[in-house]
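The opening residue of the sequence shown carries number 0 in numbering that gives the first Met the number 0; numbering runs sequentially from there.
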Amino acid sequence: MDMLYDTLPLSEWQVMTEPILHWEDLLAPFYQAPSHSNAKEALAALLQVQVLCAYSIETPTQDQAPWVVMERGPWSSLAVFLPAQELPHAFERVVYDAAHCMGDTLTKALPTAVIYLKAEPEACLQRVNSRQRAGEEGMTLSYLQSLHNAYEGAVGTFAGTCIQVDANRPPDAVFADVHQAIYDLMSAEAQLYDF
0 MDMLYDTLPL SEWQVMTEPI LHWEDLLAPF YQAPSHSNAK EALAALLQVQ
50 VLCAYSIETP TQDQAPWVVM ERGPWSSLAV FLPAQELPHA FERVVYDAAH
100 CMGDTLTKAL PTAVIYLKAE PEACLQRVNS RQRAGEEGMT LSYLQSLHNA
150 YEGAVGTFAG TCIQVDANRP PDAVFADVHQ AIYDLMSAEA QLYDF
């Protein structure tokens, strides 16, 4: 994301990094909770509510920035992260009710296009471990595999434009493809990106 700051005309664009500070205190307990436990399910639901709330607060309106590039976003929470948790219906209802209550505030952050950085779960785990982000120490390969499967399913049903970029390559090659995809989408008049 930092590379995008340096190359996009910021008078027209806003680059929005994942506002993880809003939910980072939930990451370690979530990753460390035993799989399929009540604690894990409750934390998963709470985590997605926090993510959706953060995006409803942080996402700029179109008059603030006509073009927005987002690192992940509410679409990912609703279409990927929530289904990957396999939550009991009661917890899903809580999250969807919370999202519905955000109404117009949340819909401003739903994308018209997605740039899907497709990487093997093993490569993702290596990147997670190398960046050493607080709270992610307990992330497992099986969790990343479930997210990968959820993304694969979600991008196939996404109603807007979806561009897949092979993210198993070196960062410079991935960035070049993302940068080109952004300009291609901009020329096609897409208004919001989520990847």
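The beta carbon of each residue, even a glycine, is placed where N, CA and C say it ideally should be.
Item                                                                                                                                                            : Value
Do you know how far the Cα of residue 5 is from the Cα of residue 176?                                                                                          : 16 Å
Count the CB pairs spanning the stretch 149-159 and the stretch 40-60 that are closer than 8 Å, and state whether there are at least three.                     : no
Using the Cβ count rule (16 or more neighbours within 10 Å means buried), how would you classify residue 137?                                                   : exposed
Any contact between the stretch 67-79 and the stretch 22-37? By contact I mean 3 or more CB pairs, one from each, below 8 Å.                                    : no
How would you call residue 114, buried or exposed, if buried means at least 16 neighbouring beta carbons within 10 angstroms?                                   : buried
Taking residue 185 as part of the alpha helix (DSSP H), name the residues at either end of that continuous run.                                                 : 170-186
Beta strand (DSSP E) containing residue 163: first to last residue?                                                                                             : 160-165
Beta-carbon separation of residue 196 and residue 50 under 7 Å?                                                                                                 : What the structure shows of the chain is the stretch from 0 to 194, and residue 196 is not part of that stretch, so it cannot be assessed.
Quick one: what does DSSP say residue 138 is sitting in, helix, strand or coil?                                                                                 : coil
Check the DSSP bridge columns for residue 48 and list the partner residues they point to.                                                                       : DSSP output for residue 48 lists no bridge partner at all.
Kindly give me the distance between the Cβ atoms of residue 67 and residue 59, rounded to whole angstroms, as I take these residues to be in contact under 8 Å. : 6 Å
Check this for me: beta carbons of residue 118 and residue 166, under 7 Å apart or not?                                                                         : yes
Considering only residues of the same chain and omitting the five flanking positions on each side of residue 82, which have a CB-CB separation below 7 Å?       : 149
Given this structure, state the Cα-to-Cα distance separating residue 189 from residue 72, to the nearest angstrom.                                              : Residue placement at residue 189 cannot be trusted, given a pLDDT of 44 that sits under 50; what the coordinates show is reported in the next sentence. About 16 Å.
What ranges does the beta strand (DSSP E) occupy inside the stretch 15-43, keeping only unbroken runs of at least 3 residues that lie completely in it?         : none
Nearest-angstrom Cα distance between residue 134 and residue 27?                                                                                                : 4 Å
Please report the distance separating the alpha-carbon of residue 7 from that of residue 139.                                                                   : 34 Å
Of all the options 181, 143 and 145, which has the alpha carbon lying nearest to the alpha carbon of residue 160?                                               : 181
Alpha carbon to alpha carbon, how far is residue 31 from residue 2?                                                                                             : 32 Å
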